[in-house]
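A short worksheet on the structure shown next.
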Amino acid sequence: MHFSPRQSQILSLMADGFSDKEIARKIGISYPTVRTHIDRVFRDYGLRNRTEAVAAWLTLKLNR
Numbered sequence: 124m125h126f127s128p129r130q131s132q133i134l135s136l137m138a139d140g141f142s143d144k145e146i147a148r149k150i151g152i153s154y155p156t157v158r159t160h161i162d163r164v165f166r167d168y169g170l171r172n173r174t175e176a177v178a179a180w181l182t183l184k185l186n187r
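Per my numbering, the sequence shown starts with residue 124, numbered consecutively.
Below, the structure is given as structure tokens:
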């Protein structure tokens, strides 16, 4: 499993409790672009929700 730098940035903010719209404002991209990144993470890694996505990202981060 490998997340792009942008996916990692978004997942980090998700882990901090930010909503998709807040993430978009914080990193200066559109809300639909944030959703595209999140949806791609779900699809590429077979994840079903934000909790699973953040858990996968944290597990990968901790195992490095």
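Virtual Cβ for every residue (Gly too), placed ideally from N, Cα, C.
Closest by C-alpha distance to residue i, when choosing among the options
i, options, result
"residue 138", "126, 178, 158, 147", "178"
"residue 151", "133, 166, 162", "133"
"residue 127", "142, 144, 167", "167"
Contacts around residue i, its chain only, beta-carbon distance under 8 Å, and the 5 residues preceding and following it disregarded
i, result
"residue 147", "153, 154, 156, 157"
Residues near residue i in its chain [Cβ-Cβ closer than 6 Å; skip 5 each side]
i, result
"residue 164", "130, 176"
Residue range of the unbroken alpha helix (DSSP H) whose run includes residue i
i, result
"residue 143", "143 to 150"
"residue 170", "Unbroken run through residue 170: none, as it is neither H nor E."
"residue 131", "128 to 138"
Cβ neighbours of residue i in the same chain (closer than 7 Å, five flanking residues each side left out)
i, result
"residue 144", "154"
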